[in-house]
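These notes are about the structure you will find just below.
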Amino acid sequence: MSDVLRIGNASGFYGDRFSAVREMLTGGPLDVLTGDYLAELTMLILGRDRLKDPSRGYAKTFLRQMADNLALAKENGVRIVTNAGGLNPAGLAAAIRELAGELGLDIAVAHVEGDDLLSRVDELGLGKPLTANAYLGAWGIAACLERGADVVVTGRVTDASLVVGPAAAHFGWARDDYDALAGAVAAGHVIECGAQATGGNYAFFTEHDTGTPGFPIAEIAADGSSVITKHPGTGGAVTAGTVTAQLLYEIAGARYAGPDVTARFDTLTLTEDGPDRVRISGTRGEAPPPTLKVCLNTLGGFRNETTFVLTGLDIEAKAALVRDQLEGALKDRPPAEIRWTLARTDHEDADTEQRASALLHCAVKDADPKVAGRAFSGAAIELALASYPGFHVTAPPSDASPYGVYTAAYVDAAEVPHVAVLPDGSRVDIAPASDTLPLSEVDEPELPEPLPDGPTRRVPLGTILGARSGDKGGDANLGVWARSDDAWRWLAHHLTVEEFQRLLPETADLTVRRYALPNLRALNFVVEGLLGQGVAAQARFDPQAKALGEWLRSRHADIPEVLL
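Each residue of the sequence shown is one higher than the one before, starting from 13 at the first, in my numbering.
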């Protein structure tokens with residue numbers, strides 16, 4: 013057993029850089045290569061694939077990547093762990109075995125199943141979803157690796173489990189080695205989204221002008237501590253800032269719960285460990301909660317949209333005219349939901365027509381595809397010669413498309429099977445956690461002394477603060493961090509919930525919760541309901557809240573000059 017297990021990740025979502033698998037296998041030494049292909053929206057996409065062909069339901073991209081790279085992984089002794097199995101891990105495992113045979117490779121393939129609860133939704137009281145998948149943990153992956161698997165395919169497991177499983181198998185951790193497990197969860201959470209840990213989507217990206225970022229590596233130690241890094245010579249950067257940004261991504265409070273351990277993100281410490289190396293240490297862990305989260309996707313109906321271009325003068329009046337006309341044309345059978353959004357992208361006295369134009373979006377939803385389809389988009393186009401001057405739209409009339417609704421449910425972990433199907437076909441049942449601890453909030457941490465009063469300057473918040481935001485179903489999360497102790501003293505006292513809602517008026521009527529993480533000099537805000545029924549429902553502009561943090565950073569505040 014080596015002192016360090018080098019785990020790289022080559023995919024942060026279904027559609028990530030195809031060449032990343034080869035880049036990771038050729039860029040330097042690795043022990044394990046992971047690939048995260050699943051998100052809430054992906055499960056809906058795979059569910060629709062499975063409706064068309066029951067033999068599918070997995071990420072086909074991964075199989076193509078293996079056709080190019082399976083021999084290389086075998087040659088380099090790199091084991092592969094991926095959740096690309098989606099709704100059909102057994103089907104993907106069989107396809108990989110077939111591929112290995114065609115390539116003349118001796119590959120031991122195992123898979124993990126049990127997360128798919130669709131056949132039991134009535135028994136468990138989960139409604140009538142298209143997909144219903146519990147988030148399994150790491151021990152099924154560990155069992156497959158301990159019994160010699162070269163490739164492990166899973167369905168819905170927590171993203172961090174792709175790292176925790178190999179680490180637990182390699183170091184022989186016990187189920188109650190909570191601190192070590194929590195440290196691996198922190199590392200897994202950092203690298204799960206690929207290049208977001210190496211400078212991608214980073215608030216201070218202009219400081220790291222080093223090309224397209226490479227993919228991240230976590231060097232895991234026996235105590236669960238890790239160093240986040242990347243292959244030498246690859247683009248991007250690994251800094252305390254890039255790692256902080258990813259630690260704040262799509263979390264809530266200090267307790268980050270999973271099926272195997274609840275990691276305390278308020279206990280970990282980040283330390284620069286050389287160029288492109290950041291050490292994560294000190295992470296404490298607690299027993300996991302007694303329930304597992306279940307991802308439910310339901311077909312919500314059909315949606316469509318039309319975007320009107322409004323140019324020049326009288327933008328508001330033009331918008332009001334076409335809105336009245338279209339809603340009047342639809343009055344006999346209006347869609348169940350009509351949502352108008354006017355984006356004032358126009359500039360006064362503009363030097364190009366595009367800069368002189370605003371965009372008026374009309375989005376509709378209905379259970380009837382005809383009502384949301386040509387009945388709507390055709391009515392919009394019929395106004396072309398009878399509406400505001402300069403009428404035109406960005407796309408021709410279109411049919412409606414189905415949309416999904418995401419909800420989360422929780423079931424007793426004992427109700428969910430967790431099975432490791434080994435390379436020889438034998439099955440190992442993975443018991444749920446025997447010790448559990450219901451999830452609760454931590455006590456409010458002690459905040460630093462506020463900065464003394466002094467002169468200020470009105471500048472964008474992003475001048476001194478970083479942010480990263482994302483989605484959890486219909487909620488948005490937005491983490492904000494400071495890069496110095498003095499900036500943290502200001503941030504901790506200035507950016508209250510009230511100030512947050514003032515700066516982002518879309519959140520003013522919603523419930524906003526604030527969590528402080530002093531060890532990261534960070535605040536995390538959770539905005540309940542901002543995204544409606546989740547990304548698949550396309551409830552708002554930026555439906556995954558990816559740029560919500562950048563909106564906050566662009567807002568102006570009176571910042572102490574001592575910080576500037």
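Quick reminder that beta carbons are idealized off the backbone N, C-alpha and C, glycines included.
Here the structure is a predicted model, which is why all the values come from computation and not from measurement.
Less than 8 Å between the C-beta atoms of residue i and residue j, yes or no?
i	j	result
D487	L542	yes
E540	L522	yes
V295	A445	A quick correction: the sequence has Thr, not Val, at residue 295. In this structure, A445 does not lie closer than 8 Å to T295 by Cβ.
D191	G297	yes
L642	R62	With the chain represented from 13 up to 576, any question about residue 642 goes unanswered, as that position is not in the structure.
R367	H359	yes
V376	R345	no
R34	N81	yes
A299	T279	no
A146	R168	yes
P301	L451	yes
Out of the options, point me to the one whose CA is closest to residue i's CA.
i	options	result
V176	D128, G416, A146, A233	A233
V93	G402, D48, A83	D48
G97	G149, L451, E125, V334	E125
M78	I19, K484, L45, P141	L45
R567	C205, L535, E510, R514	R514
T310	L58, Y70, H430	L58
D7	I153, V492, G200	Any answer about residue 7 is impossible in this case: the structure gives the chain only from 13 up to 576.
A355	V524, D378, C205, A331	A331
L473	I571, E461, E394	I571
E87	T38, S399, G324	T38
T323	A348, R351, T364, G286	T364
D188	T222, D235, L142	D235
L53	G416, E114, L449, V471	G416
H430	G385, A252, D127, R351	D127
H123	L129, G184, G113, A107	A107
F320	A144, G270, Q337, A83	Q337
I19	V202, D361, F553, A398	V202
G223	I229, E204, T241, T246	T246
D326	P401, A269, T353, T519	P401
T519	L490, D43, R501	L490
E219	T475, H404, R439, P460	T475
Express the C-alpha separation of residue j and residue i in angstroms, rounding to a whole number.
i	j	result
W563	D424	39 Å
S389	A499	50 Å
S369	R533	41 Å
A432	G103	14 Å
A180	G69	28 Å
R267	R526	14 Å
V164	D436	13 Å
Y418	R469	43 Å
L56	D15	40 Å
G248	G212	7 Å
R289	R315	46 Å
G137	A71	28 Å
R351	R335	10 Å
T143	S67	15 Å
H243	A198	20 Å
I393	D554	26 Å
P178	E204	14 Å
E427	H182	29 Å
H506	E456	16 Å
Shorter than 8 Å from the beta carbon of residue i to some beta carbon of chain D?
i	result
D285	Any reference to chain D falls outside this structure, which holds one protein chain only.
Beta strand (DSSP E) containing residue i: first to last residue?
i	result
I292	290-293
Y190	That residue, Y190, is in no beta strand (DSSP E); its alpha helix (DSSP H) goes 190-203.
S452	Looking at the DSSP string, S452 is not in any beta strand (DSSP E), and its letter there is neither H nor E.
W493	487-494
R109	Segment 101-115 is the alpha helix (DSSP H) holding R109; no beta strand (DSSP E) there.
A534	534-539
E510	Here E510 belongs to no beta strand (DSSP E); instead the alpha helix (DSSP H) covers 509-515.
A407	First-last for A407: undefined, no H or E at that position.
A146	143-146
How is the alpha helix (DSSP H) around residue i delimited, first residue to last?
i	result
H10	Outside the displayed span of the chain (13 to 576) sits residue 10, for which this structure offers no information.
C156	151-158
W502	497-506
P381	381-384
I327	327-341
W563	560-566
P178	173-183
F314	Element bounds for F314: not the alpha helix (DSSP H) but the beta strand (DSSP E), 303-323.
D43	From DSSP, D43 is part of no alpha helix (DSSP H); its letter is neither H nor E.
State the CB to CB distance for the pair residue i and residue j, rounded to an integer number of angstroms; the pair is presumed to be in contact (CB under 8 Å).
i	j	result
F277	L529	6 Å
A257	E284	The pair is not a contact, with the Cβ atoms about 15 Å apart (cut-off 8 Å).
R159	L434	5 Å
A264	N536	7 Å
P271	L148	6 Å
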